[in-house]
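Reading through the structure tokens given below for one structure.
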Amino acid sequence: MSSSSIDAQLSPSYYASTCPLLVLIVRQGMRQAVRKETRMAASILRLFFHDCFGCDGSILLDDTANFTGEQNAFPNRNSVRGMDVIDDIKTRVERVCSNTVSCADILALAAREGVLSVYIYKYF
1 MSSSSIDAQL
11 SPSYYASTCP
21 LLVLIVRQGM
31 RQAVRKETRM
41 AASILRLFFH
51 DCFGCDGSIL
61 LDDTANFTGE
71 QNAFPNRNSV
81 RGMDVIDDIK
91 TRVERVCSNT
101 VSCADILALA
111 AREGVLSVYI
121 YKYF
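Under full-length UniProt numbering, the residues of the sequence shown are numbered 1 to 124, in order.
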């Protein structure tokens, strides 16, 4: 039996030095989206769930001439919502930290911030 270990834990501070405003940008984007439409928090959480069979951001891929993206794949057709919110947040992040943060990480943060924003609005 091997006794080696691998340190592959997630870290909330992963982008602290490369994109220090990331959480703030995602939080602001999600709060705006949730203020506009409260159920967007649940929609983004569901989008995250559908992506996390691979957790690679592939749910956000658009169709091309030779490829049907996951957005329009049969199980997701007319089912997943919120891609426009994630696209908007990704654009904001890219303005500040270009080519640094993955779509999968933005989606994960957006899901978290969406849930937190609903909690904050409801209880505080």
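In this text, a Cβ means the ideal position worked out from N, Cα and C, and glycines have one as well.
Annotated as proximal: L22 and V101, with beta-carbon spacing under 8 Å. Per DSSP, E37 is not a residue of any alpha helix (DSSP H), being assigned neither H nor E. In the same chain as E113, and ignoring 5 residues on each side of it, the C-beta atoms closer than 6 Å to its own belong to V26, R27 and M30, in chain order. For I106 and V85, the gap between their C-alpha atoms comes out near 11 Å. Burial is judged here by how many other beta carbons sit within 10 angstroms of a residue's own beta carbon; D88 has fewer than 16 and is exposed. According to DSSP, T100 shares a beta bridge with no other residue. Taking C-beta atoms as the reference points, A104 and I44 fail to come closer than 8 Å.
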